[in-house]
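Participant:
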Amino acid sequence: MISLKNISKTYTSENIKVEALKNISIEIEEGEICGVIGFSGAGKSTLVRCINLLEDPTSGKVFVDNQELTSLKSKELRNARKNIGMIFQHFNLMKSKTVFKNIAYPLKDSGLSKDQIKTRVYELLELVGLSDKASSYPNHLSGGQKQRVAIARALANNPKVLLCDEATSALDPQTTQSILKLLKDINKKLGLTIVIITHEMNVVKEICDKVAVMDNGYIVEQNDLIHIFTRP
Ligand code: ADP
Ligand code: ADP
389 MISLKNISKT YTSENIKVEA LKNISIEIEE GEICGVIGFS GAGKSTLVRC INLLEDPTSG
449 KVFVDNQELT SLKSKELRNA RKNIGMIFQH FNLMKSKTVF KNIAYPLKDS GLSKDQIKTR
509 VYELLELVGL SDKASSYPNH LSGGQKQRVA IARALANNPK VLLCDEATSA LDPQTTQSIL
569 KLLKDINKKL GLTIVIITHE MNVVKEICDK VAVMDNGYIV EQNDLIHIFT RP
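Remember, the numbering used here sits 388 above the position in the sequence shown when you count from 1.
Structure below.
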């Protein structure tokens, strides 16, 4: 479902170069939940942002759902990106808009009628367990509820891939559990492929099928979970 081939990413600012990714390749199968772990600065966020080209790789190729994203023009890329949802540590919701409007936002240029959008938004609210919160504003929600709204918004266009950048890092352990359970349920129900950046080992153990360990711009280990945790 996701294939990164020989990806390098060098950031250049004020003549200082940082090689954030050094010739990385990774394959993630359809329906898999893949964890990405490693110390701060290892390149996790850059790697995941290269999957939807939020960061443009310096070299290498990105394929999602058999389409090479790195070869697309901006309009085609905008379309292809609908296939890739993303959620963040700090939720990134629009504070001045209701939950309904936040979730409806990515459906704006979908060609759906107002009624169809309403139906879709309520479907998504039900999926994430927030059917009674359509008219609430983000500031009146708990962290876990905000992340549920963000998940609903990320899924609005029915993507095949969901990218999670430290999505549970701002949440307490109990809320983290409930969000992980939701992600697992969605993975099963929709066959969604999920990539999860985390520094929490329990997140990996809880729901990941496989894990990529990053260090200093390299993937130093890439394996099924069972192999990672049963090594001598
Ligand atoms: P992680 O997610 O593992 O903490 P990142 O992908 O955020 O790692 O960062 C990898 C490296 O790239 C770090 O050295 C970081 O400082 C650098 N980096 C990240 N984003 C930028 C940027 N926009 N400009 C310059 N350097 C960056
Ligand atoms: P805009 O400010 O973009 O014109 P509107 O306030 O007209 O948006 O709302 C856009 C659509 O979303 C309308 O059809 C409205 O009925 C619907 N809508 C907005 N909030 C809710 C809600 N909480 N529950 C159901 N439908 C909603």
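Beta carbons are placed, not taken as given, at the ideal position from N, Cα and C, and that holds for glycine.
Using C-beta distances below 7 Å, list every residue in its chain close to R541, excluding the 5 sequence neighbours before and after it, in chain order.
Facilitator: Working through the sequence shown from its first residue, we reach residue 541 at position 153. For R541, where only same-chain residues beyond five positions count, the Cβ hits under 7 Å are N490, I491, Y493, P494.
Participant: Compute every distance between the C-beta of V591 and the non-hydrogen atoms of ligand 1, then say whether any falls below 7 Å.
Facilitator: Position 203 of the sequence shown, counted from the first residue, corresponds to residue 591. No, Cβ of V591 sits at least 7 Å from all heavy atoms of ligand 1.
Participant: The alpha helix (DSSP H) spanning C596 covers which residue range?
Facilitator: Numbered from its first residue, the sequence shown carries residue 596 at position 208. C596 -> no alpha helix (DSSP H), and no H or E assigned at all.
Participant: Nearest chain D C-beta to L465 closer than 8 Å, yes or no?
Facilitator: The question asks about chain D, but that chain is absent: this structure has only one protein chain.
Participant: Could you check how far apart the C-beta atoms of V537 and L529 are, in whole angstroms? I think they sit under 8 Å.
Facilitator: Here residue 537 is taken as the residue at index 149 of the sequence shown, counted from 1. Here residue 529 is taken as the residue at index 141 of the sequence shown, counted from 1. Indeed they touch by this definition, with Cβ atoms about 7 Å apart.
Participant: Among residues of its own chain, excluding the 5 on either side of I595, which ones have a beta-carbon nearer than 6 Å to its beta-carbon?
Facilitator: Translated into positions along the sequence shown, residue 595 becomes position 207. If we look at I595 and ignore the five residues flanking it on each side, its Cβ neighbours are I421, L568, K572.
Participant: By Cβ distance below 7 Å, which residues in the same chain neighbour I505 in space, the five residues on each side in sequence not counted?
Facilitator: Against the sequence shown, residue 505 aligns to sequence position 117. Correct list, in chain order: A492, L495.
Participant: Looking at ligand 1, does it come within less than 7 Å of Y525, judged from the CB to the closest heavy atom?
Facilitator: Position 137 of the sequence shown, counted from the start, is the residue given in the question as residue 525. Flag unset: Cβ of Y525 not near ligand 1.
Participant: Whole angstroms are fine: how far does the CA of I475 sit from the CA of K461?
Facilitator: The sequence position of residue 461 within the sequence shown is 73, counting from 1. The sequence position of residue 475 within the sequence shown is 87, counting from 1. The straight-line gap from Cα to Cα measures roughly 24 Å.
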